[in-house]
Amino acid sequence: MVHFVGAGCGAPDLITVRGEKYLEKADCVIYAGSLVNPALLQSVKEGCEIHNSAEMTLEEVIRVMQQSEEKGWMTVRLHTGDPCLYGAIREQMDALDSLGIAYDWTPGVSSFCGAAAALHMEYTLPGISQSVIITRMAGRTPVPEKESIRALAAHGATMVIFLSAGMTEGLTEELEKGGMSADTPAAIVYRASWPDEKTVLCTVGTLHDAAKANGISKTALIIVGEAVRQANYDRSKLYDPCFTTEFRQGR
Numbered sequence: 015m016v017h018f019v020g021a022g023c024g025a026p027d028l029i030t031v032r033g034e035k036y037l038e039k040a041d042c043v044i045y046a047g048s049l050v051n052p053a054l055l056q057s058v059k060e061g062c063e064i065h066n067s068a069e070m071t072l073e074e075v076i077r078v079m080q081q082s083e084e085k086g087w088m089t090v091r092l093h094t095g096d097p098c099l100y101g102a103i104r105e106q107m108d109a110l111d112s113l114g115i116a117y118d119w120t121p122g123v124s125s126f127c128g129a130a131a132a133l134h135m136e137y138t139l140p141g142i143s144q145s146v147i148i149t150r151m152a153g154r155t156p157v158p159e160k161e162s163i164r165a166l167a168a169h170g171a172t173m174v175i176f177l178s179a180g181m182t183e184g185l186t187e188e189l190e191k192g193g194m195s196a197d198t199p200a201a202i203v204y205r206a207s208w209p210d211e212k213t214v215l216c217t218v219g220t221l222h223d224a225a226k227a228n229g230i231s232k233t234a235l236i237i238v239g240e241a242v243r244q245a246n247y248d249r250s251k252l253y254d255p256c257f258t259t260e261f262r263q264g265r
């Protein structure tokens, strides 16, 4: 059996209880060494075989899984954050399907959640933004034209931008061409929930200078939109004393 496990966004205690139990029982762990906190590997039992997928190709990862399965071992594939976002997990599951190897998936705390916690930020504020767009700049991996930063910026929703900290100059240009003004609030969150976490508040127009001044060019999320300001929002109707719900009569 292969267990895909989301390791969380950095702090070792942000892994789920289920994920930690799988780690403790695993005979083989394949972990994303470039991003997963190595402190999590302290949970594995003596004799557990450990592989760093940062040094492996997809074919090598699958070969280890297959060999582990042939030995009757339990394998944990440990991904950063939650693998549903930029986790390259679909291709692994397809390969396992073709080999007839069973697997399941334990969710993890994504870095976009960790970034909100670091900023004390609610992405969805009544009267400000009720939608969150999770996306990335086009790089070596392209994005469809209809999902370009420029096209998505036109919606005015809160945007959480992955894998783009090294392209802030181009990102600003794309955001402004999509209709965001230079003074639109923005934030950079470096290594959310790690001991060296850093948060930087800026604007769309000062994004590049802020990243450069703080030495941030990777492992950071960029959040843009009026919600970053966390001000001038409407009160939630759910807790408004005048609002009737299934559980409470408004007065």
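Mapping of the sequence shown onto this note's numbering: residues 15 to 265, in sequence order. Every residue gets a Cβ at the ideal spot worked out from N, C-alpha and C, and that includes glycine.
Taking the C-beta atoms as reference points, G141 is found no nearer than 7 angstroms to Y36. Remark: fewer than three beta-carbon pairs, one from each stretch, lie closer than 8 angstroms, so the region 72–79 and the region 49–56 are not flagged as touching. Taking all protein chains in view, the Cβ of S48 is surrounded by fewer than 16 other Cβ atoms within 10 Å, so the residue is classified as exposed.
In this structure, the straight-line span from the alpha carbon of V90 to that of G114 is close to 17 angstroms. Counting only runs of 4 or more residues that sit fully inside the region 174–225, the alpha helix (DSSP H) segments are 182–191, in chain order.
When DSSP reads this structure, E63 sits in a beta bridge with C42. Between G122 and G33, the beta carbon gap of about 7 angstroms places them in contact (Cβ cut-off 8 angstroms). Taken through DSSP and simplified to helix, strand or coil, V19 comes out as strand. Counting along the chain, the unbroken alpha helix (DSSP H) around R164 starts and ends at I163 to A167.
Rounded to the nearest whole angstrom, the C-alpha separation of W208 and G95 is 12 angstroms.
Contact between the region 59–70 and the region 139–153 is absent: fewer than 3 CB-CB pairs across the two stretches fall below 8 angstroms. Beta-carbon to beta-carbon, T217 and A200 are separated by about 6 angstroms, close enough to satisfy the 8 angstroms threshold.
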